[in-house]
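Quick note, the working numbering runs 1003 ahead of the 1-based positions in the sequence shown.
A short write-up of the structure that comes next.
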Amino acid sequence: MADTQPRRGLFWLTRQRGIPLFSVLGIRIVAHYSWFLIVALIAWTLTVGWFPSVLPGRGTGSYLLLGVITAFFFFASVLVHELSHSVVAVLSGIPVRRITLFLFGGVAEISKEPSDPKTELRIALAGPATSFVLAALFWGAVLIMGDGSPRPGLRLAILYLAIANTFLLGFNLLPGLPLDGGRVLRALLWGATKNLRKATYIASLAGKALAGLLVIAGLLTILWGNHIIPGLWLIFIALFLRQAADASYRQVVMKETLAGVRVGELMTTEVVTVPPRITLAELVDMYFLHHHFSCYPVVDAERPVGVITIKDVKHVPREQWETTSVASTMRPLTPETTLSPNEDVPTAMKRMSASGLGRLPVLADGKLVGIVTRRDVMSHLQIRSDLAT
Ligand SMILES: [Zn+2]
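Dropping the structure here:
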């Protein structure tokens, strides 16, 4: 599957924390909890379904061993597909923080959008190219081993992997976002029209159309084929794809919308500030419990000197709150924790996520002129997108 930065809905799954497995080339591989469910499901269907039907007359232990090993290599194939996207991204100068394995496969968290259609095309094609090579290798092995292979279990495991990788290849090449085929389509349209927004719009429409077809296929599977679980599964995947297609478009629109907006237009100019010499106990009573903000700029005689958050206070043991001052607990101001009115909103968002602060003080000529919060950015975005539709 492709690499998009999800925001809401089912796609949100991929943003949730999982269990870190290992790192390759500085990319963390994280397994979301839902992934273990699908691993178990595939191992189980292989053990009780596929192997007993294609290789009758073996014991349960033998089926279980074949099932688990085949499932392992199936998920390794998915991971290698995802890694190849990431490796090409890294080689193109785009850092990849992590790959999250989850219910529907894998998502590489590529930290920014490619800056040109050619890079986008290369990253998008890397995964399917890898799946193609894997499928070819597995099919080759199946053919070489032949029907009369002395190791029929091994041959059938490889046959399953050949079919699975062919399916991965075919499915990922469907031309709609967020699938790789959709990224390819978007890159081609982007190259032709020089308009990323329009290209993303068309590719995400195609993704939604594909999702619609999958829903119909799912309903037919349930009503005609009487296969309720596979049918529901198709519908579930379709809903996921639809949301992800929407998210890809919204993300591009958001970047474009926010790129032109300055911090000065968004900031709140009436700021509650904290003097550095009060104690943490006073800070909690007079500010945190009174104003309900979780982060305050610290200002000493009109000179901004730091910020203090509820988290900083919680790091100090409660019995020391009466004797500890704000000045000794606050974070000093640095270029990473402040903004200037002329900076744009994407910069503000980047700095918020890098510093972990949801509110950043805005300084002009060494004076505090306002504060920008994540909520300011979000509500501005909401109004913009409401006006646009
Ligand atoms: Zn892919």
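By construction, the Cβ of each residue, glycine as well, lies at the ideal position given by its N, Cα and C atoms.
Excluding the five sequence neighbours on either side, which residues of its own chain have a C-beta within less than 6 Å of the C-beta of Thr1050, listed in chain order?
Excluding residues within five positions, the ones whose Cβ falls inside 6 Å are Tyr1066, Leu1067, Gly1070.
Is Gly1173 near ligand 1, in the sense that its beta carbon is under 7 Å from a heavy atom of that ligand?
Checking every heavy atom of ligand 1 against the Cβ of Gly1173, none is found closer than 7 Å.
Same chain only: Cβ atoms within 6 Å of Ser1087, ignoring 5 sequence neighbours per side
Cβ neighbours of Ser1087 beyond the five flanking positions: Ala1129, Gly1130, Thr1133.
Whose CA, out of Ser1358, Glu1268, Thr1224, Leu1162, lies closest to the CA of Gly1149?
Nearest Cα to Gly1149 within the set Ser1358, Glu1268, Thr1224, Leu1162: Leu1162.
Taking the CB atoms as reference points, tell me whether Leu1342 and Val1264 lie closer together than 8 Å.
No, the Cβ-Cβ distance between Leu1342 and Val1264 is not below 8 Å.
With DSSP run on the structure shown, which of helix, strand or coil describes Gly1012?
Its pLDDT being 49, under 50, Gly1012 is placed unreliably in this model, and the coordinates cannot settle the point.
What are the complete alpha helix (DSSP H) segments, minimum 4 residues, inside the region 1266 to 1331?
The qualifying runs are 1266 to 1269, 1283 to 1286, 1313 to 1317.
Per-residue DSSP class, three states only, for Pro1023
Pro1023 falls in the strand class under three-state DSSP.
Please identify the residue among His1383, Val1319, Arg1354, Glu1322 whose C-alpha is closest to the C-alpha of Leu1336.
Closest in alpha carbon position to Leu1336, among His1383, Val1319, Arg1354, Glu1322, is Arg1354.
Around the C-beta of Trp1053, are 16 or more other C-beta atoms found within 10 angstroms, so that it is buried, or is it exposed?
The residue is buried, with at least 16 neighbouring Cβ atoms inside 10 Å.
For Ile1311, which residues from the same chain have a beta carbon less than 8 Å from its beta carbon, with the 5 sequence-adjacent residues on both sides left out?
Counting only Cβ-Cβ distances below 8 Å, and skipping sequence neighbours, we find Val1277, Leu1286, Cys1298, Tyr1299, Val1301, Val1329, Thr1332, Met1333, Arg1334.
I want to know whether the region 1074 to 1090 touches the region 1111 to 1129 - three or more CB-CB distances under 8 Å.
Touching, per the Cβ criterion.
Any heavy atom of ligand 1 closer than 7 Å to the beta-carbon of Gly1130?
Yes, the beta carbon of Gly1130 sits closer than 7 Å to at least one heavy atom of ligand 1.
Which listed residue (Leu1371, Met1352, Leu1366, Gly1359) has its alpha carbon closest to that of His1383:
Its Cα nearest to that of His1383, the residue Met1352 stands out among Leu1371, Met1352, Leu1366, Gly1359.
In or out: Asn1168 buried (at least 16 other Cβ within 10 Å) or exposed?
With a threshold of 16 other beta carbon atoms within 10 Å, Asn1168 meets it and is buried.
Are there any heavy atoms of ligand 1 lying less than 7 Å away from the beta-carbon of Asp1183, as far as the coordinates show?
For ligand 1, a non-hydrogen atom lies closer than 7 Å to the CB of Asp1183.
Going by beta carbon distance, what residues of the same chain come within less than 6 Å of Val1372, once the five residues before and after it are set aside?
Within the same chain, Val1372 has close Cβ partners Val1365.
Answer with buried or exposed for Ala1209, where buried requires no fewer than 16 other C-beta atoms within 10 angstroms of its C-beta.
Under this definition Ala1209 is a buried residue.
Option in Thr1224, Arg1321, Pro1307 with minimal Cα separation from Ile1313
Closest in alpha carbon position to Ile1313, among Thr1224, Arg1321, Pro1307, is Arg1321.
Starting from Val1375 and walking both ways along the beta strand (DSSP E), at which residues does that stretch end?
Residues 1370 to 1376.
From what residue to what residue does the beta strand (DSSP E) around Arg1101 run?
DSSP places Arg1101 in the uninterrupted beta strand (DSSP E) bounded by 1099 to 1105.
Considering only the alpha carbon of each residue, which of Glu1339, Leu1171, Ser1056 lies closest to His1084?
That would be Leu1171, whose Cα lies nearest to the Cα of His1084.
Closest to Phe1141 by CA distance: which of Arg1125, Leu1159, Ile1205, His1318 is it?
Comparing alpha carbon positions, the residue from Arg1125, Leu1159, Ile1205, His1318 closest to Phe1141 is Leu1159.
Grab me the residues of Ser1152's own chain with a C-beta within less than 8 Å of its C-beta, minus the 5 sequence neighbours each way, in chain order.
Non-local beta-carbon contacts of Ser1152 in its own chain, meaning distances under 8 Å to residues more than five positions away in sequence, involve Arg1158 in chain order.
Would the beta-carbon of Ala1214 fall within 8 Å of that of Ala1248?
Cβ distance < 8 Å, so Ala1214 and Ala1248 count as in contact.
Residues near Lys1317 in its chain [Cβ-Cβ closer than 6 Å; skip 5 each side]
Excluding sequence neighbours, Lys1317 sits near nothing in its chain.
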